[in-house]
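Chemist:
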Amino acid sequence: MHIINNARGKLTSFTYTSWCNFVIFAAKWKKFICKEGEIAHDSEAKLDLRLDLQCETTHTDNDKTFLPIPAYCKFHRKCYNRFCNKQKLEREERRQAVRDENAQKDDCEPPHKERRLTRAHTSVGAPEKGRENVLPSVCIICKKAKYTYNRERKRNVEKLKRVETFTAGRLLEAAQLKERHDILVHLEGAGRDLPALEPRYHHSCYMNLTRFLSKPPKEMSEESLYYQKAYEKFCESIVLPKIIEAKEILLLTSLRESFIKIVKQVEGVDTSYRTSNLKQRMSKSYPQLQFTLAMPLGYIVYSGAYEASDLVRSALCQIDIDHDSQESEEDGSPHNASSAPQQSDPDELLTTFMSSQIVKNAVQDSLSTFHPPWPPTAEILNINTVKALVPHQLFNWIAWTTGLNDNPQADTYVTVKEVEEKKILAIAQDIMYLKANGRIATPKHHALSMTVRHMTGSSQLINILNGLGHSSSHSATLEHDTALALVELSRGELPVPKGIMDGLFTTMVWDNIDFGEETLSGKGTTHSTNGIIIQRKLTDEVMPNQGPAKSIPKKKQRSVEAPLTRWALPFCGTSRTKDGPECIGKDIDIESDPHCASRVNPKTLDQAYIMTRIKAADEEKTTIPSWTGFNTLLSTNIPRQSIIGYLPVIDASPTEMETVKTILVRSVQYADLLHLAVIVLVFDQAIYAKAQKIIWGDNDDELKKRLVVRLGSFHTKMSYLACIGQRYKDAGLSDIFVESELVASGSLAGVMNGKHYNRGVRAHKLASEAFQRLRFLKFLESIPEEESKEIQDIISKLYSTFPTKDYREILEDQKLSNVISAYDQFNQSQIQKNGNFAFWSSYIGMVEELLLFIRATREGNWLLHLSAVRNMLPWYFAYNRINYSRYLTAYYLEMCDLPKTHPDIHEKFMSGEFCVQRQSSHGFAQVECDLTIEQTCNRDSKTKGGLTGFTQHRGAVHRWILSQPARAAITNECKVMAGQNFDPRTRRELDNARIARDEDDIQKVITTIEAMVNPF
1036 MHIINNARGK
1046 LTSFTYTSWC
1056 NFVIFAAKWK
1066 KFICKEGEIA
1076 HDSEAKLDLR
1086 LDLQCETTHT
1096 DNDKTFLPIP
1106 AYCKFHRKCY
1116 NRFCNKQKLE
1126 REERRQAVRD
1136 ENAQKDDCEP
1146 PHKERRLTRA
1156 HTSVGAPEKG
1166 RENVLPSVCI
1176 ICKKAKYTYN
1186 RERKRNVEKL
1196 KRVETFTAGR
1206 LLEAAQLKER
1216 HDILVHLEGA
1226 GRDLPALEPR
1236 YHHSCYMNLT
1246 RFLSKPPKEM
1256 SEESLYYQKA
1266 YEKFCESIVL
1276 PKIIEAKEIL
1286 LLTSLRESFI
1296 KIVKQVEGVD
1306 TSYRTSNLKQ
1316 RMSKSYPQLQ
1326 FTLAMPLGYI
1336 VYSGAYEASD
1346 LVRSALCQID
1356 IDHDSQESEE
1366 DGSPHNASSA
1376 PQQSDPDELL
1386 TTFMSSQIVK
1396 NAVQDSLSTF
1406 HPPWPPTAEI
1416 LNINTVKALV
1426 PHQLFNWIAW
1436 TTGLNDNPQA
1446 DTYVTVKEVE
1456 EKKILAIAQD
1466 IMYLKANGRI
1476 ATPKHHALSM
1486 TVRHMTGSSQ
1496 LINILNGLGH
1506 SSSHSATLEH
1516 DTALALVELS
1526 RGELPVPKGI
1536 MDGLFTTMVW
1546 DNIDFGEETL
1556 SGKGTTHSTN
1566 GIIIQRKLTD
1576 EVMPNQGPAK
1586 SIPKKKQRSV
1596 EAPLTRWALP
1606 FCGTSRTKDG
1616 PECIGKDIDI
1626 ESDPHCASRV
1636 NPKTLDQAYI
1646 MTRIKAADEE
1656 KTTIPSWTGF
1666 NTLLSTNIPR
1676 QSIIGYLPVI
1686 DASPTEMETV
1696 KTILVRSVQY
1706 ADLLHLAVIV
1716 LVFDQAIYAK
1726 AQKIIWGDND
1736 DELKKRLVVR
1746 LGSFHTKMSY
1756 LACIGQRYKD
1766 AGLSDIFVES
1776 ELVASGSLAG
1786 VMNGKHYNRG
1796 VRAHKLASEA
1806 FQRLRFLKFL
1816 ESIPEEESKE
1826 IQDIISKLYS
1836 TFPTKDYREI
1846 LEDQKLSNVI
1856 SAYDQFNQSQ
1866 IQKNGNFAFW
1876 SSYIGMVEEL
1886 LLFIRATREG
1896 NWLLHLSAVR
1906 NMLPWYFAYN
1916 RINYSRYLTA
1926 YYLEMCDLPK
1936 THPDIHEKFM
1946 SGEFCVQRQS
1956 SHGFAQVECD
1966 LTIEQTCNRD
1976 SKTKGGLTGF
1986 TQHRGAVHRW
1996 ILSQPARAAI
2006 TNECKVMAGQ
2016 NFDPRTRREL
2026 DNARIARDED
2036 DIQKVITTIE
2046 AMVNPF
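First residue of the sequence shown? That's 1036 in this note's numbering, and the numbers climb one at a time after it.
(1) What's the C-alpha gap between T1836 and R1843?
(2) If we ignore side chains and look at the alpha-carbon of each, how far apart do I1567 and K1813 end up?
(3) Put S1338 into one of helix, strand or coil per three-state DSSP.
(4) Within 10 Å of its beta-carbon, does C1119 have 16 or more other beta-carbons around it, so buried, or fewer, so exposed?
(5) Going straight from the alpha carbon of S2081 to that of N1501, what length do you get?
(6) Can you tell me where the beta strand (DSSP E) with H1630 in it begins and where it stops?
(7) Consult DSSP for G1174 and reduce its assignment to one of helix, strand or coil.
(8) Check whether the Cβ atoms of V1717 and D1965 sit closer than 8 Å, and answer yes or no.
(9) Could you give the DSSP three-state label for G1502: helix, strand or coil?
(10) Provide the residue span of the alpha helix (DSSP H) that contains Q1323, from first to last.
(11) From what residue to what residue does the alpha helix (DSSP H) around F1772 run?
(12) What is the C-beta distance between C1950 and E1963, in whole angstroms, given that I count them as a contact (C-beta under 8 Å)?
(13) Within the continuous beta strand (DSSP E) that includes I1679, where are the two ends?
(14) Identify every residue that forms a DSSP beta bridge with V1962.
(15) I'd like to know whether the C-beta atoms of F1959 and E1894 end up nearer to each other than 8 Å.
(16) Tell me, please, whether the segment 1874-1884 touches the segment 1756-1775 by the rule of three or more beta-carbon pairs shorter than 8 Å.
(17) Please work out which residues of its chain come closer than 6 Å, Cβ to Cβ, to L1746, disregarding the five sequence neighbours upstream and downstream, and give them in chain order.
(18) DSSP puts W1545 in a beta bridge; with which residues?
(19) Tell me whether N1191 sits in a helix, a strand or coil according to DSSP, three-state version.
(20) Which stretch, first to last residue, makes up the alpha helix (DSSP H) that contains V1744?
(21) Report the CB separation of L1313 from L1290 in whole angstroms; it is logged as a contact under 8 Å.
(22) Report yes if the CB atom of M1692 is closer than 8 Å to the CB atom of K1725, and no otherwise.
(23) In three-state DSSP terms, what is S1852?
(24) Going by alpha carbons, who is nearest to Y1644 out of I1855, Y1919, E1528, P1530?
(25) For the 8 Å Cβ check, are there 3 or more pairs between the segment 1387-1397 and the segment 1452-1465?
(26) Where F1067 and K1121 are concerned, what is the direct C-alpha to C-alpha distance, given to the nearest angstrom?
(27) By Cβ distance below 8 Å, which residues in the same chain neighbour L1082 in space, the five residues on each side in sequence not counted?
(28) With a threshold of 16 other CB atoms inside 10 Å of the CB of V2048, please say whether the residue is buried or exposed.
(29) Are the CB atoms of L1222 and L1207 nearer to each other than 8 Å?
(30) Hey, how far is the Cα of L1524 from the Cα of L1997?
(31) What does G1333 pair with, by DSSP beta-bridge criteria?
(32) With distances taken Cα to Cα, identify the nearest neighbour of D2130 among E1271, I1475, Q1444, A1413.
(33) Under the assumption that L1124 contacts F1049 (Cβ atoms under 8 Å), give the Cβ distance between them as a whole number of angstroms.
(34) Pull up the distance between the alpha-carbon of L1711 and that of V1544, whole angstroms please.
(35) What's the call for Y1182, buried or exposed, on a 16-neighbour Cβ count within 10 Å?
(36) Go ahead and label N1396 buried or exposed: buried means 16 or more other beta carbons lie within 10 angstroms of its beta carbon, across all protein chains shown.
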């Protein structure tokens, strides 16, 4: 029963009830000439139905009259609903009755005379008292009041004119030609005294009605006069019976299509007849026809004899009747005006309207209860608040409209993908923002505008997004930013970040932050000091809970006054005459490494790593990842995740002693707030030197007792990379890097001086591994074949058992220890004999020391950390790293002395809390404290444009600094709303592509070395 041409979707099998309904309706449709009738005839012929017996039949659940049901018959749901529509069937029966009645009339029968209505039926208002025989004072043409506008655009009521002649002149003539019976009822009739009846009309209505009488006849073009025979048949078959007599409302475009079909039938010509020519031709033939422009349908055509109520009733009754009829599609009958594709039936329109009202009311109710504190912070502007705000009616409506879900569900959100859910929530918030006319900003609009301000500082971009309805305006964003700064001021100088708890071991990290804004001379740029506070979670599940965010009354304030004084405390120097500590680590044996035992297992694992990778290369399989991925797969310990809180920015440069003194004093104050006897501070080398100078010069030793100051490991590694580069860059290492394409020539300088940290560490790891493979292969060549075979068997076991528990057992096997001992003896003997061998073995040793230092942080191994520092120290002296030579030595001695000076802190360091665990997906992932502040607070603080555009105003800079932590937190929440908070992925080094790339680069390095001179 495919009755709707554009019906798509799932085909449904017949049930007993639906099959019975189909048969009954097919029996009723069979007697009509339409598309439904055709379907009924075809079904009777193909399915062997006896429709003449089923016309008046009804069915019950136990009735077998309609069986069997053909298994291959299926239907579209839309087609079934259209075919079995009782109202549609009744309308067709009424139209058929009208057609049968018209067919019985004789051609010579006089035209039907309309019943003349009395004035009581036609008047809009009641006659005035005492003037019952006079028509009401209403226009007999439009039957309503009408207004005109003067030059000042003031509205005036248009005055009514009276009919002053007995014949009503052109008014009567125009009404007769246009068959306006609603006018003729007042004007026609023998012996009528029209002046006495006082019929009234508006002059404008009179002119519109009679204009065609005074307009000179327009000469019709030759084209418009073509196809006269076809036009006469068109009028006889369509215009007269349908528009004039049946009072149907038709589209002019559909009439044109029907006329073109009739031209082809009568005259055998394909033509593209113009719609304007047909309109002009019909207007001249039938003055009573009305052409009304109704966009987007175009002109609709109806008889001028219609009254308004008849017009509406006819339009409602004819909706969708002729949309699929046989006549309209095959016999040239035009579409009904209301059956155009853009139109819907009254039930559909009502359903759409009512559903929109349900959604509107839900949105209104949700907005009326949304009263977030001012200013909204990251605790409010998050995805959870969005889900609580957006009503399920709106969410589900968008999901159903976009086709993301087809299952009706009440009271809760329908199920969609997470990415799609966030997009639906974003669209829903735009709709709610539009409903509130921008007076109530949703979390998305607050967060997006603040994020754009934080990341770009562009007011134009914010206003563009606001114009598109996606964010708050720039003015509202400034109010929000100002309120965040005022809240920060109201919290005092020492606000405790959310999630930080009293009594827990705490580390504070301070670093400089340069905004790099533009000034006229380049002088006066902003240099501030950022700080973060770090604690370990109590458990993996429990998060510390604090009270609600502080709020202030909402104002239209968009500026903050600049501080009158600097934030840094004054520093008057120390009483000591020389720099440096008095005496530290006097009981420590500096001649030997007291923590060398912590190096045994890591070095064994590194040697096993090289052997395993050599075997994988021999097998030509890239299944063993490089050093970081290798250790990640073997790691089973995942420490508790750390909590990171942002501290208020100090508006002063940390290169000044006053600022460093302020940092130390403020850190002690935070220790008091958190009820801590001692707190740990981490600095880079420049701030560390100034901090130690102040602490060492403290007369009352208060700072020494309350503070443990550490040197940042990340910056220490960068300086050590510079030492490696300085030692080997001119010895051929630069050529190896460039020739093997391990490092691009433009990046070589950054790798060698330690500035490009990630690229530099990777280059040295792969180059060192290439050298170690060559050296180990030389070792295998130097021993007897039987011993070599035994070693190959051990390597094969390592390769085959990685990364299972058996691998760890092989690491503890004495056989592997014997192999490593023999390998070390070979290296020592060759170093004594061959200077080139010794030189590049030294490179391998330096890189091994770097990897041990990195491993100490990744695994939280404090003793290994101290051992690596001690073994790295000589290289700082050797390559003139004066600052690290001085202060790394003091750092090492102070940390070795911790068991005596601060035993509680030493115990925490031994448990691994000297570094930061930022994720919980895999082990071997702890990072340095000074790297953490670079990746969090400093990265969030800096924007693409810095403070460009408002740096000349000190108050604006002050506001930017105060609100920076809150803006950064809001930016992170906005990324979550946008789906940019990517879940922690596995290590990049574990990707198959990265494993293959690393192995390929190592092979290139080996080829390059062998092409030059193999030092082994």
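All C-beta atoms, glycine included, are put in the ideal place defined by N, C-alpha and C.
Modeler: From the atom records:
(1) By 1-based counting over the sequence shown, the position of residue 1836 is 801. By 1-based counting over the sequence shown, the position of residue 1843 is 808. Each residue's CA atom was taken as its position, placing T1836 and R1843 some 9 Å apart.
(2) For this step, residue 1567 is matched to residue 532 along the sequence shown. For this step, residue 1813 is matched to residue 778 along the sequence shown. About 50 Å.
(3) For the purposes of this step, residue 1338 is identified with residue 303 of the sequence shown, where counting begins at 1. In this structure, S1338 counts as strand in the three-state DSSP scheme.
(4) Taking the sequence shown and counting its residues from 1, one reaches residue 1119 at position 84. Counting Cβ neighbours within 10 Å, C1119 comes out buried, since at least 16 surround it.
(5) The first residue shown for the chain is 1036 and the last is 2051, placing residue 2081 beyond what the model contains.
(6) On the sequence shown, residue 1630 is found 595 positions in, with the first residue counted as 1. Per DSSP, H1630 belongs to no beta strand (DSSP E) and is neither H nor E.
(7) Start at 1 with the first residue of the sequence shown, and residue 1174 comes out as number 139. A small fix is needed here, since residue 1174 is Cys in this sequence, not Gly. In this structure, DSSP gives C1174 an extended state, which the three-state scheme calls strand.
(8) Within the sequence shown, the letter at position 682 stands for residue 1717. Within the sequence shown, the letter at position 930 stands for residue 1965. In this structure, D1965 lies closer than 8 Å to V1717 by Cβ.
(9) Within the sequence shown, residue 1502 is the residue found at index 467, counting from 1. Residue state for G1502 is assigned as helix, using DSSP reduced to three classes.
(10) Position 288 of the sequence shown, counted from the first residue, corresponds to residue 1323. Unbroken run through Q1323: none, as it is neither H nor E.
(11) Counting from one through the sequence shown, the residue named residue 1772 turns up at place 737. First-last of the alpha helix (DSSP H) with F1772: 1768-1774.
(12) Residue 1950 sits at position 915 when you count from the first residue of the sequence shown. Residue 1963 sits at position 928 when you count from the first residue of the sequence shown. About 6 Å separates the two Cβ atoms, so the contact holds.
(13) Taking the sequence shown and counting its residues from 1, the one referred to as residue 1679 is at position 644. 1677-1681 is the span of the beta strand (DSSP E), which, as asked, contains I1679.
(14) What you label residue 1962 is simply residue 927 of the sequence shown in a count that begins at 1. For V1962, the beta-bridge partners assigned by DSSP are V1951.
(15) Locating residue 1959 in the sequence shown gives position 924, where the first residue counts as 1. Locating residue 1894 in the sequence shown gives position 859, where the first residue counts as 1. Contact flag set, yes.
(16) Result yes; three or more Cβ-Cβ pairs closer than 8 Å.
(17) On the sequence shown, residue 1746 is found 711 positions in, with the first residue counted as 1. The beta carbon of L1746 sits closer than 6 Å to those of Y1723, Y1926, all from its chain and outside the five residues before and after it, given in chain order.
(18) Counting from 1 along the sequence shown, the entry for residue 1545 is found at position 510. Paired residues: G1566.
(19) On the sequence shown, position 156 is the one that residue 1191 refers to. N1191 falls in the strand class under three-state DSSP.
(20) On the sequence shown, residue 1744 is found 709 positions in, with the first residue counted as 1. It is not in any alpha helix (DSSP H) - V1744 instead sits in the beta strand (DSSP E) that spans 1742-1746.
(21) For the purposes of this step, residue 1313 is taken as residue 278 along the sequence shown, with counting starting at 1. For the purposes of this step, residue 1290 is taken as residue 255 along the sequence shown, with counting starting at 1. At roughly 7 Å, the Cβ-Cβ gap stays under 8 Å, so L1313 and L1290 are in contact.
(22) As a position in the sequence shown, residue 1692 is number 657, starting the count at 1. As a position in the sequence shown, residue 1725 is number 690, starting the count at 1. Cβ distance < 8 Å, so M1692 and K1725 count as in contact.
(23) The residue labelled residue 1852 in the question sits at position 817 within the sequence shown. Reduced to three states, the DSSP call for S1852 is helix.
(24) In the sequence shown, counting from the first residue as 1, residue 1644 sits at position 609. Comparing Cα positions, the closest option is I1855.
(25) With a cut-off of 8 Å on Cβ pairs, the segment 1387-1397 is not in contact with the segment 1452-1465, counting fewer than three such pairs.
(26) Sequence index remark: in the sequence shown, residue 1067 carries index 32 (1-based). Sequence index remark: in the sequence shown, residue 1121 carries index 86 (1-based). A straight-line Cα-Cα distance of about 14 Å links F1067 and K1121.
(27) Working through the sequence shown from its first residue, we reach residue 1082 at position 47. Taken in chain order, the residues that qualify are P1105, C1108.
(28) In the sequence shown, the residue the question calls residue 2048 occupies position 1013. Exposed, because fewer than 16 other Cβ atoms sit within 10 Å of the Cβ of V2048.
(29) On the sequence shown, residue 1222 is found 187 positions in, with the first residue counted as 1. On the sequence shown, residue 1207 is found 172 positions in, with the first residue counted as 1. Yes, the pair counts as a contact, with Cβ atoms nearer than the cut-off.
(30) Taking the first residue of the sequence shown as 1, we reach residue 1524 at position 489. Taking the first residue of the sequence shown as 1, we reach residue 1997 at position 962. If I take the Cα positions, the gap works out to 8 Å.
(31) Locating residue 1333 in the sequence shown gives position 298, where the first residue counts as 1. Answer by DSSP bridge pairing, in chain order: A1329.
(32) This structure does not reach residue 2130, given that the chain is present from 1036 up to 2051, and the question cannot be answered.
(33) Here residue 1124 corresponds to residue number 89 of the sequence shown, with the count starting at 1. Here residue 1049 corresponds to residue number 14 of the sequence shown, with the count starting at 1. Contact flag wrong, Cβ pair sits at about 20 Å.
(34) Walking along the sequence shown from the start, residue 1711 turns up at place 676. Walking along the sequence shown from the start, residue 1544 turns up at place 509. When rounded, the distance between both Cα atoms is 16 Å.
(35) Indexing the sequence shown from 1 puts residue 1182 at position 147. Exposed: under 16 other Cβ atoms inside 10 Å.
(36) For the purposes of this step, residue 1396 is taken as residue 361 along the sequence shown, with counting starting at 1. Looking at its Cβ environment, which holds fewer than 16 other Cβ atoms inside 10 Å, N1396 is exposed.
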